[in-house]
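Below: the structure, in structure tokens.
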Amino acid sequence: SEELNLHCLGLTTVPLFLLRELPNLKKLDLSYNLLTSFSFTAGTLTALQDLDLHSNKLTSFIVTPGTLPALQDLDLSSNRLTTFSATPGAFPALMILNLYENQLTSFTITPGALPALITLSLFNNQLHELPLSLQDCRL
1296 SEELNLHCLG LTTVPLFLLR ELPNLKKLDL SYNLLTSFSF TAGTLTALQD
1346 LDLHSNKLTS FIVTPGTLPA LQDLDLSSNR LTTFSATPGA FPALMILNLY
1396 ENQLTSFTIT PGALPALITL SLFNNQLHEL PLSLQDCRL
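What the sequence shown shows, in the numbering used here, is residues 1296 to 1434, in sequence order.
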């Protein structure tokens, strides 16, 4: 299947054993769960284009370069994130990034890290400034 809907299940961990069996997965909905951290190993979800993690309890979100090469839409809104950072190779295809309603005090984007980004939502956070590297994006 190309879509997997796991929202509203009370999940506290991501079922990696299941995701490994779905190499062609394009859309994953993990919204409205109880997840506190998120990380994947490279090669697990190389076809994933849409990842919905909104309304969890995330305090940690870690993506290493090469892990989600096809990801275009990432929704991390309504969580408990205090920091977000992107380095080159981590999100090469990302076009939409929703980080609104978190507790962000740090938002770090290395120049060239989000080359395809066209929509960024950061409202209702605790940010006092945005990185100059955002001018590299097509916002």
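Cβ coordinates follow ideal geometry from the N, Cα and C atoms, glycine included.
None of the values given here were measured: they were computed from a predicted structure.
Non-local C-beta neighbours of L1399 in its own chain, meaning closer than 8 Å and more than five positions away in sequence, comprise L1376, T1377, T1378, F1379, L1417, N1420, Q1421, L1422, ordered along the chain. Contact check for A1388 against Q1367 passes: the beta carbons are separated by less than 8 Å.
Between the alpha carbons of L1343 and S1401 lies a gap of roughly 26 Å. Spanning the alpha carbons of P1310 and T1405 requires a straight line of approximately 30 Å.
N1393 is bridged by DSSP to D1370, S1416. An exposed status is given to E1297, since fewer than 16 other beta-carbon atoms sit within 10 Å of its beta-carbon.
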